[in-house]
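Per my numbering, the sequence shown runs over residues 304 to 626.
What follows is one structure encoded as structure tokens, with my remarks underneath.
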Amino acid sequence: MDPLEDVLALLGTRAHLSTGMTAGGSWAVRFEPPDGVKFNTVRRGRCLLGVEGLTAPIPLAEGDCFLLTHPVAFTLSSDPHTVPVDAEPLWSAARGRLPHVGDGVDTLIIGGRFSFGDRARELLLDGLPPVIHVPAETGEASAVRWALGQIDAELRGRPIGSTLVAEHLAVVMLIHVLRLHLAREPRAVSGWLAGLADPVVAAALRSMHARPAHPWTVAELARAGAVSRSTLAARFKDTVGLGPLDYLARWRIELASRRLRIGDDTLATIALAVGYGSESALSTAFKRITGLSPREYRRRRAGTALVSAAVAASPSPASQAGG
304 MDPLEDVLAL LGTRAHLSTG MTAGGSWAVR FEPPDGVKFN TVRRGRCLLG VEGLTAPIPL
364 AEGDCFLLTH PVAFTLSSDP HTVPVDAEPL WSAARGRLPH VGDGVDTLII GGRFSFGDRA
424 RELLLDGLPP VIHVPAETGE ASAVRWALGQ IDAELRGRPI GSTLVAEHLA VVMLIHVLRL
484 HLAREPRAVS GWLAGLADPV VAAALRSMHA RPAHPWTVAE LARAGAVSRS TLAARFKDTV
544 GLGPLDYLAR WRIELASRRL RIGDDTLATI ALAVGYGSES ALSTAFKRIT GLSPREYRRR
604 RAGTALVSAA VAASPSPASQ AGG
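Structural data, given as structure tokens:
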């Protein structure tokens with residue numbers, strides 16, 4: 304099992320595509336901090352990306368894309384001097400059509416966002432820089448360009464099932480962007496993501512993710528990377544920030560937590576599935592890592608789910624107004 308694939312699956316990664324926008328002349332649009340991870344690609348023209356907290360804007364050329372991994376406000380513009388307008392009124396006024404700003408249609412931008420489960424910040428996003436920029440001219444970015452081109456074709460042609468196909472292609476694009484970033488700037492990530500860039504640590508990670516219930520020892524994991532126990536322990540701790548068996552314990556608890564959230568398996572069944580010999584052993588490890596017993600965790604998650612369902616079912620002011 305590939306650890307990146309494993310974590311994305313655990314988090315229930317989904318893509319949500321927006322309508323994009325066209326722009327021309329002098330223009331600037333300010334966007335509120337997004338939910339999840341925002342992505343955009345410039346299909347025609349060029350613009351500047353300004354991100355709250357960064358000292359200088361990032362030039363985006365035709366074919367470039369970016370991921371905004373943290374919830375911060377950002378601006379897309381033709382130049383740094385134009386006063387930006389807010390995005391929300393533009394999208395509301397478009398009424399389902401492609402939003403437009405400025406004079407002419409020199410620039411076409413498409414994009415969307417990725418949503419994840421509630422553990423995404425700690426498991427994935429905190430290990431990434433706030434912005435990942437993929438220039439079109441980068442040789443290794445050909446797979447990203449292919450995915451973006453296919454998304455564009457699906458959204459323009461609108462064949463049967465186009466939305467679903469485009470959303471799956473966007474997840475493919477996300478994986479390619481993360482791969483490219485790990486290969487290009489391995490020191491710009493932290494935690495288990497950084498471990499994927501170290502061949503010795505990556506071998507241990509793959510082994511643990513493939514068989515999380517196996518009673519791994521440091522010696523076994525070291526053999527997977529063809530190094531000594533001391534070498535693996537040192538490199539794993541330096542790269543990931545935890546020892547290999549500490550990481551394994553935390554990953555097992557993540558797997559157990561997911562089963563507690565979405566299923567009704569008994570604690571004994573979950574314990575065996577994730578590598579603990581008994582319900583009491585799981586309970587001890589679970590409380591040590593999360594601060595809650597498995598039963599308390601399940602009760603709290605069930606209560607949160609009921610509240611979320613009630614909120615989703617109640618009409619919001621925007622829906623009552625037809626927005």
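Glycine included, every Cβ here is placed at the ideal spot set by N, Cα and C.
How many Å lie between residue i and residue j at the Cα?
i: Leu-483; j: Thr-572; result: 39 Å
i: Arg-398; j: Glu-391; result: 11 Å
i: Val-408; j: Gly-566; result: 50 Å
i: Glu-440; j: Phe-369; result: 14 Å
i: Ala-331; j: Gly-578; result: 53 Å
i: His-512; j: Phe-417; result: 23 Å
i: Arg-564; j: Pro-502; result: 33 Å
i: Gly-414; j: His-517; result: 41 Å
i: Gly-366; j: Leu-477; result: 15 Å
i: Ala-624; j: His-319; result: Note that Ala-624 has pLDDT 30, beneath the 50 cutoff, so the model's placement of it is unreliable and no number is given.
i: Val-530; j: Ala-505; result: 12 Å
i: Ala-500; j: Asp-568; result: 36 Å
i: Leu-311; j: Gly-420; result: 9 Å
i: Asp-305; j: Ile-412; result: 32 Å
i: Thr-252; j: Leu-352; result: Residue 252 falls outside the range modelled here, since the chain spans only 304 to 626, and no answer is possible.
i: Phe-334; j: Ile-463; result: 31 Å
i: Trp-519; j: Leu-548; result: 8 Å
i: Gly-498; j: Thr-410; result: 39 Å
i: Val-437; j: Val-543; result: 25 Å
i: Ser-329; j: Phe-377; result: 17 Å
i: Ile-454; j: Ala-486; result: 24 Å
i: Arg-562; j: Arg-514; result: 17 Å
i: Thr-325; j: Trp-394; result: 12 Å
i: Ser-445; j: Ala-364; result: 15 Å
i: His-373; j: Val-447; result: 21 Å
i: Ala-396; j: Asp-406; result: 17 Å
i: Asp-541; j: Arg-532; result: 14 Å
i: Ile-435; j: Gly-580; result: 42 Å
i: Arg-603; j: Val-375; result: 29 Å
i: Glu-355; j: Arg-601; result: 38 Å
i: Trp-449; j: Thr-322; result: 19 Å
I need the boundaries of the beta strand (DSSP E) containing residue i, first residue and last residue.
i: Arg-317; result: 317 to 320
i: Arg-333; result: 331 to 334
i: Leu-311; result: Run containing Leu-311: none in the beta strand (DSSP E); it sits in the alpha helix (DSSP H), 306 to 313.
i: Ser-531; result: Where Ser-531 is concerned, there is no enclosing beta strand (DSSP E), given that its DSSP letter is neither H nor E.
i: Arg-490; result: Unbroken run through Arg-490: none, as it is neither H nor E.
i: Arg-424; result: Taken as a continuous stretch (DSSP letters only), Arg-424 belongs to no beta strand (DSSP E), being part of the alpha helix (DSSP H) at 423 to 426.
i: Gly-366; result: It is not in any beta strand (DSSP E) - Gly-366 carries neither H nor E in the DSSP assignment.
i: Val-375; result: Unbroken run through Val-375: none, as it is neither H nor E.
i: Gly-415; result: 410 to 418
i: Gly-327; result: 324 to 327
i: His-436; result: 434 to 437
Drop a sphere of 10 angstroms on the beta-carbon of residue i, count the other beta-carbons inside from all chains shown, and report buried for 16 or more, exposed for fewer.
i: Gly-442; result: exposed
i: Ser-510; result: buried
i: Leu-451; result: buried
i: Leu-313; result: buried
i: Thr-466; result: exposed
i: Pro-597; result: buried
i: Asp-309; result: buried
i: Thr-534; result: exposed
i: Pro-362; result: exposed
i: Pro-620; result: Confidence is the limiting factor: at Pro-620 the pLDDT is only 35, short of 50, which leaves the residue's position unreliable, though a coordinate-based value still follows. Exposed: under 16 other Cβ atoms inside 10 Å.
i: Glu-557; result: buried
i: Ser-560; result: buried
i: Pro-336; result: exposed
i: Val-386; result: exposed
i: Arg-538; result: buried
i: Leu-401; result: exposed
i: Ala-605; result: exposed
i: Gly-528; result: buried
i: Glu-293; result: The first residue shown for the chain is 304 and the last is 626, placing residue 293 beyond what the model contains.
i: Glu-457; result: buried
i: Leu-609; result: Legend: pLDDT at Leu-609 = 43, less than 50; position of this residue unreliable, no value from coordinates given.
i: Thr-316; result: buried
i: Ala-584; result: exposed
The alpha helix (DSSP H) that contains residue i, what's its start and end?
i: Val-250; result: Given a span of 304 to 626 for the chain in the structure shown, any question on residue 250 remains unanswerable.
i: Gly-399; result: Here Gly-399 belongs to no alpha helix (DSSP H), and DSSP marks it neither H nor E.
Please confirm if residue i has its CB atom under 8 Å from at least one CB of chain D.
i: Ala-497; result: Considering every chain present, this structure includes no chain D. It has just one protein chain.
> Is there contact between the stretch 371 to 382 and the stretch 340 to 352, where contact requires at least three CB pairs shorter than 8 Å?
Replying inline: yes
> In chain order, which continuous runs of the beta strand (DSSP E) of length 3 or greater are located wholly inside the stretch 544 to 602?
Replying inline: none
>> At 4 residues or longer, what runs of the alpha helix (DSSP H) sit wholly inside the stretch 442 to 488?
In response: Counting only runs of at least 4 residues, the stretch 442 to 488 fully encloses the following alpha helix (DSSP H) elements, listed from N- to C-terminal order: 445 to 460, 465 to 487.
>> Assess contact between the stretch 511 to 528 and the stretch 467 to 487, defined as three or more Cβ pairs (one per stretch) separated by less than 8 Å. Is contact present?
In response: Cβ pair count under 8 Å is below three, so no.
>> Within 8 Å, do at least three Cβ pairs link the stretch 547 to 556 to the stretch 585 to 603?
In response: yes
>> Tell me whether the stretch 418 to 437 and the stretch 484 to 494 touch, counting them as touching only if at least three CB pairs, one residue from each stretch, are closer than 8 Å.
In response: yes
> Enumerated in chain order, which unbroken segments of the beta strand (DSSP E) with a length of 3 residues or greater are wholly contained in the stretch 337 to 364?
Replying inline: 340 to 347, 350 to 354, 361 to 363
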